[in-house]
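S.K.: Handing you this structure, nothing more for now.
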Amino acid sequence: MSKKIYATVLSALFIFTTSTFAEVDTTSSIRGVVNVSGAVVSATHTPTGSTKSKTATDGAFYLSNLLIGGPYEITISASGYGTQSIGDVYLVLNETTNLDVTLVSDNLEEITVTAAAGQGSIRMGSGTFLDRDAIDGIPTVNRSIADIAKIDPDYLFEVISNMDLGEAEAVFLSCTNLPALNIIDKLEKKLNKIVLSSNQVLIWDTLESIGKNNPIKGYGKLFLEN
């Protein structure tokens, strides 16, 4: 009797153990989104060459029951779009790898820009002209933004003074590298207009923010009207 009970217990234990191991997941998965609905997503396990593919419905895809490890080569393709490949993807047991893919259209139009050389001086804004001599006088070698700081302030004053500003109420000299701070007061007197520069406005705003807004001479009307 005891042998029958023992045998019954062993059989039950074997069945339980077998069913337990059968429920253990030994695979992994890949989930993701792509910007093209209907794109085909393929995952190729490089060591074995096995491939699993899915169509991204509404841009979402999910590949399950994939061998763990890798590397995997993930390929995403769609009609009218360039194929994108993602290599060296390694999968971890019972974990889902997430991918976010953007495909680029093959139908981008080629844009050709053509231009004809103009005659005479170069026009920059309303009523502002720089002739050939003015351009040649700018001390720049490689057209680097840093070269702007090398401009002689006196030369800058001469160029701006000779501009046709028409009915403009103010002049703004944009660029913190432009050495204009020390000629603003002189320019305002010459042009009879308000002159502002990037550095001047920055300094003024900083002083305003800390309550140091006493009038300061020599740097334009902006500092005199606090």
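Everything in the sequence shown is counted per this note's numbering, starting at 1222 for the first residue and increasing by one.
Ideal Cβ placement from N, Cα and C applies to all residues, glycine included.
Fair warning: this is a prediction, and the values are worked out from it, not measured in the lab.
1. If you compare alpha carbons, which of E1294, S1285, V1262 is closest to T1269?
2. Considering just the uninterrupted stretch of the alpha helix (DSSP H) at D1375, what are its terminal residues?
3. Ordered along the chain, which non-local residues of its own chain (more than five positions away) have a Cβ less than 6 Å from that of S1258?
4. Identify which residue in G1290, G1303, S1271 has its Cα closest to the Cα of V1255.
5. Mind checking whether N1319 and R1252 have CB atoms under 8 Å apart?
6. Any idea what DSSP makes of E1388, helix, strand or coil?
7. Does V1313 pass the burial test, meaning 16 or more other C-beta atoms within 10 Å, or should it be called exposed?
8. Give the secondary structure of S1419 by DSSP, where H, G and I count as helix, E and B as strand, and everything else as coil.
9. Look at the alpha carbon of G1441 and the alpha carbon of S1430, and state the distance between them as a whole number of angstroms.
10. Where does A1391 land, buried or exposed, given buried means 16+ other C-beta within 10 angstroms?
11. Is it the case that the Cβ atoms of G1301 and S1326 are separated by a distance below 8 Å?
12. In this structure, how does DSSP classify T1248 when only helix, strand and coil are distinguished?
13. When you compare only the Cα positions, how much space is there between A1260 and L1399?
14. Going along the chain, which residues of its own chain have a beta-carbon closer than 6 Å to the beta-carbon of F1393, five neighbours each way excluded?
15. When you compare each of L1284, T1247, K1410 to F1378 by their alpha carbons, which one comes out closest?
16. Measuring straight from C-alpha to C-alpha, what distance separates S1265 and I1307?
17. Mind checking L1408: buried by the 16 CB within 10 Å criterion, or exposed?
18. For T1427, which three-state DSSP category applies?
19. Exposed or buried, which one is G1291 when buried takes at least 16 other CB atoms within 10 Å?
20. In whole angstroms, what separates the C-alpha of Y1376 from that of F1444?
21. Using alpha carbons as the reference points, say which of T1276, I1297, E1388, L1284 lies closest to L1412.
M.R.: On the basis of the coordinates in this document:
1. Restricting attention to E1294, S1285, V1262, the CA atom closest to the CA of T1269 is found in E1294.
2. Membership of D1375 in the alpha helix (DSSP H) is indicated by the continuous run 1374 to 1382.
3. Closer than 6 Å at Cβ, skipping near neighbours: D1279, G1280.
4. Of G1290, G1303, S1271, the residue nearest in Cα terms is G1303.
5. Yes; because the gap between Cβ atoms is below 8 Å, this pair is in contact.
6. In the structure shown, E1388 adopts coil according to DSSP, grouped into three states.
7. Sixteen is the threshold: since fewer than 16 other Cβ atoms of the shown chains lie within 10 Å of the Cβ of V1313, the residue is exposed.
8. Note: S1419 maps to helix in three-state DSSP.
9. Taking the straight line joining both Cα atoms gives about 19 Å.
10. A1391 should be labelled exposed.
11. For G1301 and S1326, yes; Cβs fall inside 8 Å.
12. Here T1248 sits in strand by DSSP.
13. Take the alpha-carbon of A1260 and the one of L1399: they are about 52 Å apart.
14. Closer than 6 Å at Cβ, skipping near neighbours: L1417.
15. Here the closest residue by C-alpha is K1410.
16. Residue identity check: residue 1265 is Thr in the sequence provided, not Ser. Each residue's alpha carbon lies about 11 Å from the other.
17. When all chains shown are included, L1408 counts as buried.
18. DSSP places T1427 in helix when its eight states are reduced to three.
19. It is buried - the Cβ of G1291 has at least 16 other Cβ atoms within 10 Å.
20. If I take the Cα positions, the gap works out to 24 Å.
21. Nearest in C-alpha terms to L1412, of all of T1276, I1297, E1388, L1284, is E1388.
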